[in-house]
Every structure is written in structure tokens, then in C-alpha cells.
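Some notes on the structure that comes next.
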Amino acid sequence: MEGKKRLAIGVDIGATNLRVALGTKDGRILAKRTEPTNIRGGAEGVSLQIGAMIRKILGSEISIKDLKGIGIGSTGPMDLKRGAVVKASNLPWDFIPLVEPLQEAFGIPVRLLNDCAAAVLGEKAFGSGIGTQNLLYITLSTGIGAGVFIDGRLIMGKDGNAHEVGHFTIDFEGRLLCGCGRRGHWEAYCSGRNIPRYVKFLVDEAKEFSDDEMAGSLLLAEVRSQRLTTEGLFNLAKAGDSLALKIVERLGMLNAIGFADAINAYDPELITVGGPIALRNEELVLPPIRKLVGNHTVNRVPEIELTRLGEDVGLYGALALNFVED
Ligand SMILES: [Zn+2]
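Residue numbers (this note's numbering): 197 to 522.
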């Protein structure tokens, strides 16, 4: 009976927004809602808000009984044994209970995974990963993370965090501090949150560029006035600002090291890439990785392509999580 149910809920918990979708086993999203996470409701408020969003999305036509379950992909880190998010760097609470309160409220199975682990399931079920047994999903977003599906199964680790590639050390001199408190991590240089700091470092402290190279750069003015954003950097590069292009090239070199480390660790046959940095700047981000990654790998270089599921990859993953045992 349970196996016949074809409708389920997918929930994506991001740094700022909650997203909820109603979808089908074959990967059609029928309805979705996005709301900013209500910080004032406290840690317990997160599951209450998700519950309210699910009820709104179901309306009067669909009953809870018709649902296979609720799948959640969340920004981490996770404590999967307790069904909770713990000490999330992007959310203001130490412990966010999710599985138990939602299971109590709805009486259907609730499954929780790190958002990137969910995303790789989404790729496997509905994206480019169909038919692939060795697949990696990497997000270049506010942070950097991966979902790892190798030898036909999801790799999890003792707490569900076996894929913290954003915290691979790519700079042994540890020039920049990562949000996790350690130095030299990939995410400290190439994540959406940290790119402006890295640019400032290259220009002001490391003095990586000569006065000639920086002359007339609009980027420099933005750095000096502390207005530079990650999006601004890529927009200037697209407009042909030569300093912005040099910095984007530098980011490509570092991304290639991060991707190579992941390839050496997991030996995937396909890597799909998501997250706004990649999705909005494909031509600036992916070609340098493809070109340089082989300089650092011992394993055969896999296909590296943009996710076809776009910004919804996490939602598709959360949806897929409901059907993994079918
Ligand atoms: Zn770190």
C-alpha cells in the first residue's frame, strides 16, 4: 500500500528561505512555496513553519493520507540520529529538531538529509545522474558542499556529514579564515559568502596585482568602498573588466583544486554542479575547472556539467528522498 503512494513533500531548508514542494514519484513538482525562515519563532518554530507551509500547499484537495512522506534537505551540519540540524553556521540556533515534530504533526514518515546529499539523490532520480552508479553533486553557493553517491549508494558517515568538501584545505598557508573557524579551507576563498573577502585580500594585502593591472578597474573602486559582492565580481568580469577576469581566473584555479581533491577522494564518473555561482556564471566558472582539474588529479577526470535541475535541485532531492526505498 505504502509503496503505491506517488505523492510526497520535499522541503529545502536554506540559509535564508524555507521551500516546500508537493511532487510526484517521477519527479514532477506540482506546487511549491517559498518563505523566509521565521527567525523569531525560535528553533522549534522552524518545524511549525514547515508544517503550516505543507498544509497551505495541500489545501483542501489533498489529504495527508495520500502522501508517501516528507523529505527534508537542509543546510547542515546534521545530527541524523536525532533528526536535527546542529550548530548550523547560517541559522542562529544550536539544535533545530525536525524529524520528530513533523512526524508527530503529520503521522507520516519524515526523512532528513544534508541538502547536498539530498541534491545528489535528486540528480540520481531525476537529473543527469539517472543510470549512474558513481556520482558527485557539488554546490558553489553561499557555502560549498557536496553530495556523494558512489558504488550505487549514498555515502553518509557517522553523523551524516561525509561530504564536507567545502572544508578541504586548499591553502596550506591558511591565509584566510573559514566560517568554521579553521584556516585555508576552499570555502574561505571561493564561496559566495567569502569571495568579496578573498578579492580584498588579493588586492589590498597580498598585492597580487600591479598598479598597471589595476588601473581603470571598476572592481578596484568597489573593493575600496567595500561594496563588492560576489555577483558584482562576476558581472564586472562579464563586462570585460580585466582585473575582475584575472580574479575569476584565480577562483577557477582554486575551484579546480577543490574539484580535484573530491575526484581523488571519491572517483566519480560524473560531477554535476549547482548553486547560484555556477548556475548564473556557467561560462566563467565551469571551463577553468574542466581545463585545470587534471593538473591535480591522479584519478581519471569525470564529466563535469551544470545541473539540469537548476535552483530546484535541493527540492527535487528532498522529494526523491521519499522514494529511495521503493
Ligand atoms: Zn571550513
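A virtual CB, placed ideally from N, CA and C, is assigned to each residue, including glycine.
Mind checking who residue i pairs with in its DSSP beta bridge?
i, result
"residue 381", "365"
"residue 468", "333 and 501"
"residue 341", "335"
"residue 520", "Paired residues: none, contrary to the question."
"residue 253", "Looking at the DSSP assignment, residue 253 forms no beta bridge with any residue, so it has no partner."
"residue 306", "266"
"residue 274", "281"
"residue 373", "379"
"residue 350", "345"
Where do the N-terminal and C-terminal ends of the beta strand (DSSP E) with residue i fall, by residue?
i, result
"residue 232", "225-232"
"residue 270", "263-270"
"residue 258", "From DSSP, residue 258 is part of no beta strand (DSSP E); its letter is neither H nor E."
"residue 408", "No beta strand (DSSP E) holds residue 408; the alpha helix (DSSP H) holding it covers 407-410."
"residue 293", "291-293"
"residue 203", "203-209"
"residue 214", "213-220"
"residue 281", "280-282"
Measuring alpha carbon to alpha carbon, tell me which residue in the options is nearest residue i.
i, options, result
"residue 340", "458, 514, 483 and 487", "458"
"residue 454", "362, 395 and 511", "362"
"residue 365", "456, 425 and 522", "456"
"residue 303", "313, 478, 266 and 233", "266"
"residue 506", "324, 452, 406 and 300", "324"
"residue 382", "213, 435 and 452", "452"
"residue 434", "405, 479 and 412", "479"
"residue 312", "291, 208 and 301", "208"
"residue 354", "278, 467, 486 and 510", "278"
"residue 367", "246, 243 and 446", "446"
"residue 386", "520, 425 and 326", "425"
"residue 327", "348, 258 and 460", "348"
"residue 230", "391, 461, 215 and 273", "215"
"residue 375", "220, 285, 401 and 464", "285"
"residue 474", "276, 388, 514 and 442", "388"
"residue 291", "298, 274 and 299", "274"
"residue 224", "233, 232, 242 and 205", "205"
"residue 461", "345, 502, 315 and 481", "345"
"residue 250", "298, 234, 485 and 467", "298"
"residue 309", "263, 322 and 358", "358"
"residue 276", "444, 294, 287 and 511", "294"
"residue 504", "254, 377, 337 and 318", "318"
"residue 242", "360, 264, 287 and 476", "287"
"residue 221", "444, 483, 430 and 202", "202"
"residue 415", "321, 429, 200 and 212", "429"
"residue 440", "448, 413 and 421", "413"
Just curious, the alpha helix (DSSP H) that residue i is in, first and last residue?
i, result
"residue 426", "426-434"
"residue 318", "311-322"
"residue 488", "478-488"
"residue 448", "438-462"
"residue 393", "391-396"
"residue 416", "414-420"
What do you reckon, is the C-beta of residue i under 7 Å from a heavy atom of ligand 3?
i, result
"residue 344", "Ligands displayed in this structure: ligand 1; ligand 3 is not among them."
For residue i, would you say it is in contact with chain B, using Cβ-to-Cβ distances shorter than 8 Å as the test?
i, result
"residue 219", "The chain labelled as chain B is not found in the depicted structure, where only one protein chain is given."
- Task: Specify which residues have a beta carbon nearer than 6 Å to any heavy atom of ligand 1, listing them in chain order.
- Result: 363, 374, 376, 378, 381 and 383
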